[in-house]
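Anchor point for the sequence shown: position 32 equals 32 in UniProt numbering, and the numbering is continuous, going up by one each time. Glycine included, every Cβ here is placed at the ideal spot set by N, Cα and C. Every value quoted in this text rests on a predicted model; they were computed, and no experiment measured them. Data first, discussion second: the structure below is written as structure tokens.
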Amino acid sequence: MQIWEPTYECMPREELQQLQLERLQATINRVYKNVTCYRNKFNELGIVPEDIQSLDDLRKLPFTTKEDLRLNYPYGMFAVPLREVVRIHSSSGTTGKPTVVGYTKHDIKVWSNLVARFMTAAGVTHDDVVQVAFGYGLFTGAFGLHYGAETIGASVIPMSSGNTEKQIMIMQDYKTTALVSTPSYAITIADRMEKMGIDPKTLSLKVGLFGGEPWSEAMRKEIESRLFISATDNYGLSEVIGPGIAGDCEYKCGMHIFEDAFIPEIIDPDTGEVLPPGSVGELVLTTLTKEAFPMIRYRTRDITCLDYSPCACGRTMVRMRKTMGRSDDMLIIKGVNVFPSQIEEVLFAIEGCQPHYQIIVDRKGTLDTLEIQIEVTENIFFDEMKRQRAFLEMVEKRIDSVLGVGATVKLVEPNSIPRHEGKAQRVIDRRKL
Ligand code: DLL
1 MQIWEPTYEC MPREELQQLQ LERLQATINR VYKNVTCYRN KFNELGIVPE
51 DIQSLDDLRK LPFTTKEDLR LNYPYGMFAV PLREVVRIHS SSGTTGKPTV
101 VGYTKHDIKV WSNLVARFMT AAGVTHDDVV QVAFGYGLFT GAFGLHYGAE
151 TIGASVIPMS SGNTEKQIMI MQDYKTTALV STPSYAITIA DRMEKMGIDP
201 KTLSLKVGLF GGEPWSEAMR KEIESRLFIS ATDNYGLSEV IGPGIAGDCE
251 YKCGMHIFED AFIPEIIDPD TGEVLPPGSV GELVLTTLTK EAFPMIRYRT
301 RDITCLDYSP CACGRTMVRM RKTMGRSDDM LIIKGVNVFP SQIEEVLFAI
351 EGCQPHYQII VDRKGTLDTL EIQIEVTENI FFDEMKRQRA FLEMVEKRID
401 SVLGVGATVK LVEPNSIPRH EGKAQRVIDR RKL
């Protein structure tokens, strides 16, 4: 089956905007009627659904934040009775109560189709054997990709995460052609293959569908050159649907957002002001097709920018640039804003640095300190002092010039930094302890 919906994906913008407006109005009507939180927030601002007459009117509506979801935990934001909900997932938040999200039967169908669309854009077909190496459970990643791949008609291996040697054995024996995981787990798999003496060229892998965490272009190159695959990015978050919001096409020049199902906006995270096209800021998403858990202007906290220029693939849907990370992951060190992804970009471009690093932020007296621990190749780690010193200074200099803030770099032994099976935890901020 060909899951490629040119009717939507290649729609002229005017028609798309008309479709968005109709779907937006229907969504606003439903949430106003069925979700007390939205009704109260609209009433506070004196807004009624009839006030939404154009897409620009979206700006009149209040934002929805994670705090709203927490206050309405667990089912307060559902727009349908629980008996119509056939699936419940939850966000991967590590602090406080998780956020609970629900899907009707129709939502599951729409979700599967959206995932199938980005998998198709990445090159997956019904001939593929798709190994899902996300953890099955409350996390939306595994079930989302699983249902999407089945919708395409591919053969799905529901491996779940971890057990890396078994993952590799299955890849060899079942002739996996598409790997689904976080990008950091793909690196863990590549490392283990190397250790086991397995040449990735002897596998059948051709494409990777990676998402769930920020990763740099340098990391994409690293994965592609080590696993001999096309490494594609896909983006999503549980509160909005899970995976299936955006994904790379074969040109990998930004992830197409499925605008028939979501309206993206970019705002200044400090003032909430909507920024002009092309600006870098926080992504805000409104759902257009969800029944159980519609989201109006949800603040994702993810920092990116939107590109409306035409794409060679023919899709007219806007592209979002690889995110710099979440605004709450941004580190402020000695007053300078630093995203972990900027550090990754520098490290991966240096020969000898391995794709494993840890960022440790601390405070000595009143001064912030930034330490970056990097695994290096054995020949650098065991090199003579003078040459190792020169290498270290070169890394520190490059980091300083990109970040605008100095860091102490520590070279650590190969295999000493913890490996990741799901989302990578790269930052330890001791100032918060
Ligand atoms: O991570 C949904 C997902 C699963 C997307 C699998 C793609 C693949 P949450 O656990 O709620 O949902 O985490 C959502 O993860 O706000 C981003 O900060 C981050 N994230 C997800 N995909 C990407 C990506 C899933 N491709 C949070 N690039 C989001 C950068 C990503 N960050």
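Identify, in the order they occur along the chain, each residue of the same chain with its Cβ nearer than 6 Å to the Cβ of residue i, setting aside the five sequence neighbours on each side.
i	result
V156	V130, H146, A149 and E150
A218	E345, F348 and A349
R419	T188
I399	V346 and A407
S184	H420 and A424
G162	E421
E84	T104
A116	I3, G148, T151 and I152
R326	R301 and D302
Y73	K97
D128	A154, T177 and A178
P269	E282 and S327
E224	A231
Beta-carbon within less than 8 Å of residue i's beta-carbon, same chain only, minus the 5 sequence neighbours each way: which residues are those?
i	result
E165	R192 and M196
H126	M1, I152, G153 and A154
L331	N337, V338, F339, P340, I359, V361, L370, V427 and D429
I263	Q20, L24, L55, L58, L285, T286 and L288
P414	Q354, E375, V376, T377, E378 and F381
Grab me the residues of residue i's own chain with a C-beta within less than 7 Å of its C-beta, minus the 5 sequence neighbours each way, in chain order.
i	result
L82	Y75
S416	E375
V180	V130, Q131, V132, A133, F134, L145 and L209
Y38	V31, Y32 and I296
Taking just the CA atoms, how far does residue j sit from residue i?
i	j	result
F339	S91	22 Å
I374	Q354	7 Å
residue 435	R319	The requested residue 435 is not part of the displayed model; the chain covers only 1 to 433.
V405	R363	14 Å
A121	F391	41 Å
V35	Y8	29 Å
L433	G137	29 Å
V395	V409	7 Å
W215	T140	19 Å
T316	M11	6 Å
R431	L367	11 Å
L61	G272	12 Å
L283	E265	6 Å
Y298	T286	6 Å
I267	E50	24 Å
K221	G96	36 Å
R30	F118	28 Å
A292	V274	27 Å
S160	C249	25 Å
G335	I28	41 Å
G208	K33	42 Å
P294	I198	46 Å
R387	S230	36 Å
Q425	E213	10 Å
Q167	A186	11 Å
L411	K397	15 Å
residue 436	L114	Absent from the structure is residue 436, since the part of the chain shown begins at 1 and ends at 433.
S401	D329	21 Å
G211	D233	6 Å
G123	I257	17 Å
I226	I170	Before going on, a small fix: residue 226 reads as Arg here, not Ile. Between R226 and I170, the C-alpha separation is close to 18 Å.
A142	A190	20 Å
H106	I296	19 Å
F228	P200	7 Å
I'd like to confirm the pairing. Which residues does DSSP put opposite residue i in its beta bridges?
i	result
K60	In DSSP, K60 forms no bridge with anything.
T316	Paired residue(s): none; T316 is not in a bridge.
D268	Paired residues: none, contrary to the question.
S155	V129
K410	Q373
Compute every distance between the C-beta of residue i and the non-hydrogen atoms of the ligand ZN, then say whether any falls below 6 Å.
i	result
R326	Absence of the ligand ZN from the depicted structure is noted, with the ligand DLL being the only ligands included.
Say whether the stretch 200 to 219 touches the stretch 172 to 180, bearing in mind that this needs 3 or more beta-carbon pairs closer than 8 Å, one atom from each stretch.
-> As far as the Cβ criterion goes, the stretch 200 to 219 touches the stretch 172 to 180, which means the pair count is three or higher.
Is the stretch 295 to 311 close to the stretch 266 to 282, with three or more CB pairs under 8 Å?
-> Output reads yes: the stretch 266 to 282 touches the stretch 295 to 311.
Decide yes or no for the touch test of the stretch 49 to 68 against the stretch 240 to 252: beta carbon pairs closer than 8 Å, at least 3 of them.
-> no
State whether the stretch 226 to 242 contacts the stretch 97 to 109, with contact taken as three or more CB pairs (one from each stretch) at a distance under 8 Å.
-> yes
Could you say if the stretch 44 to 62 and the stretch 19 to 30 meet the contact criterion of at least three C-beta pairs nearer than 8 Å?
-> Taking 8 Å as the limit for Cβ pairs, the verdict is that the stretch 19 to 30 does touch the stretch 44 to 62.
Determine contact between the stretch 248 to 265 and the stretch 37 to 46, defined as no fewer than three beta-carbon pairs at a distance below 8 Å.
-> no
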